[in-house]
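Counted the way our numbering counts, the sequence shown spans residues 1 to 110. Positions of the beta carbon are idealized from the N, C-alpha and C atoms, including for glycine. Written below as structure tokens is the structure these notes are about.
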Amino acid sequence: LSGVLESLANALAARARFSLELFTDVYLLTQAVAKHAQEAASSGRVSFALTASDQRLDLSIGPLRGGTTETLREQLGELADEVAPESLEHSELVRVVGRGGGRIPRAVHG
Numbered sequence: 001l002s003g004v005l006e007s008l009a010n011a012l013a014a015r016a017r018f019s020l021e022l023f024t025d026v027y028l029l030t031q032a033v034a035k036h037a038q039e040a041a042s043s044g045r046v047s048f049a050l051t052a053s054d055q056r057l058d059l060s061i062g063p064l065r066g067g068t069t070e071t072l073r074e075q076l077g078e079l080a081d082e083v084a085p086e087s088l089e090h091s092e093l094v095r096v097v098g099r100g101g102g103r104i105p106r107a108v109h110g
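This is the structure we're talking about:
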């Protein structure tokens, strides 16, 4: 999961005109999200969607066990501008948004 997620996120970040310095942050973000998804998956299958627009990367991933979004939010710290759950029956879909607008985030915690 992490390899595919990282490759696609990097390609979309380039298209969204992220600065070169922020590609390390995209790597850290995708690694943390992939690890969290593997640990918090509510089934044997996890799906994700990535979109990008001007200086913005939007990732949705799930299904994950309900109530696990706060852990991911803490792990990502300032790498993500938004980490929000969306309820799905007995699980949740997590939306992570990163913006490349010149902010230099801190490293992933944990």
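Comparing C-alpha positions only, which one of the options sits nearest to residue i?
| i | options | result |
| --- | --- | --- |
| L93 | H36, L79, G62 | G62 |
| E6 | R17, Y27, R15 | Y27 |
| L50 | S43, S60, G44 | S60 |
| S43 | S91, G67, N10 | S91 |
Between which two residues does the beta strand (DSSP E) harbouring residue i extend?
| i | result |
| --- | --- |
| E92 | 91–99 |
| A80 | That residue, A80, is in no beta strand (DSSP E); it is neither H nor E in DSSP. |
Below 8 Å on the Cβ atoms is my guess for residue i versus residue j; work out the distance and round it to an integer in Å.
| i | j | result |
| --- | --- | --- |
| L72 | V33 | 7 Å |
| G100 | R17 | 7 Å |
Please classify residue i: is it buried, with 16 or more other beta-carbons within 10 angstroms of its beta-carbon, or exposed?
| i | result |
| --- | --- |
| T36 | In the sequence under discussion, the amino acid at residue 36 is His, which differs from the Thr named in the question. Buried: at least 16 other Cβ atoms inside 10 Å. |
| I104 | Any reading at I104 must be qualified, since the residue scores a pLDDT of 40, below 50, and its modelled position is unreliable; the value itself is stated next. Exposed. |
| E57 | The amino acid occupying residue 57 in the given sequence is Leu; Glu does not appear at that position. With 16 or more other Cβ atoms within 10 Å, it is buried. |
Assuming residue i is part of the alpha helix (DSSP H), what are its boundary residues?
| i | result |
| --- | --- |
| T30 | 23–40 |
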